[in-house]
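Asks: If you scroll down you'll find the structure; I have some questions about it.
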Amino acid sequence: MSRFDRVEIPYGAYWSTPFAKWQGVLQHLHSVRFAAHVAKSELAKRNLTPDLFDFGVLGITQVQYQSFYGASWPLYEIGMKHVVGPQLSQVCSTGPRVLLTGAAEVQLGLATTALLLGADRT
11 MSRFDRVEIP
21 YGAYWSTPFA
31 KWQGVLQHLH
41 SVRFAAHVAK
51 SELAKRNLTP
61 DLFDFGVLGI
71 TQVQYQSFYG
81 ASWPLYEIGM
91 KHVVGPQLSQ
101 VCSTGPRVLL
111 TGAAEVQLGL
121 ATTALLLGAD
131 RT
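In structure tokens:
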């Protein structure tokens, strides 16, 4: 039996921002704002509305201007004004920690649908 038998990632309900070379063409963008912009666009492409979500996680390793606001800021930008969640940072494993946190919230019944955001830059 799976330890996460209540957790699934529906087919097609995932995406990635464009990958750019370190210090390349996207270096001028604020990664939290960019992650929110891409997430909002990708959710719209899939006809997924912000009201479907009741939990969110922001993973960010490199501190940036105004990142103090944590997950609340990009979730608000996406239109999820009703959603709260943590900001996580763990050197070399922020992504896995974000996945584990979102999955645990759903598995424990604390949330039904979670949006997981990774917003790092180098």
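Using my numbering, the first residue of the sequence shown is number 11, and each one after it goes up by one. Backbone N, C-alpha and C fix where the C-beta goes; we use that ideal spot for every residue, glycine too.
Does DSSP put Gln72 in a helix, in a strand, or in coil?
Replies: In this structure, Gln72 counts as coil in the three-state DSSP scheme.
Asks: Can the beta-carbon of Ile70 be found closer than 8 Å to that of Val42?
Replies: Yes, Cβ-Cβ distance for Ile70 and Val42 is below 8 Å.
Asks: Measure the Cβ-Cβ separation of Ala81 and Leu68 and say whether it is below 8 Å.
Replies: Result yes, Cβ atoms of Ala81 and Leu68 sit closer than 8 Å.
Asks: Give a yes or no on contact between the region 100-108 and the region 43-50, applying the rule of three or more CB pairs nearer than 8 Å.
Replies: Touching, no, given that fewer than three Cβ pairs across the two stretches are closer than 8 Å.
Asks: In or out: Gly34 buried (at least 16 other Cβ within 10 Å) or exposed?
Replies: Burial call: exposed.
Asks: From Leu125, Tyr21, Leu39, pick the residue whose C-alpha is nearest to that of Gly95; which is it?
Replies: Comparing Cα positions, the closest option is Leu125.
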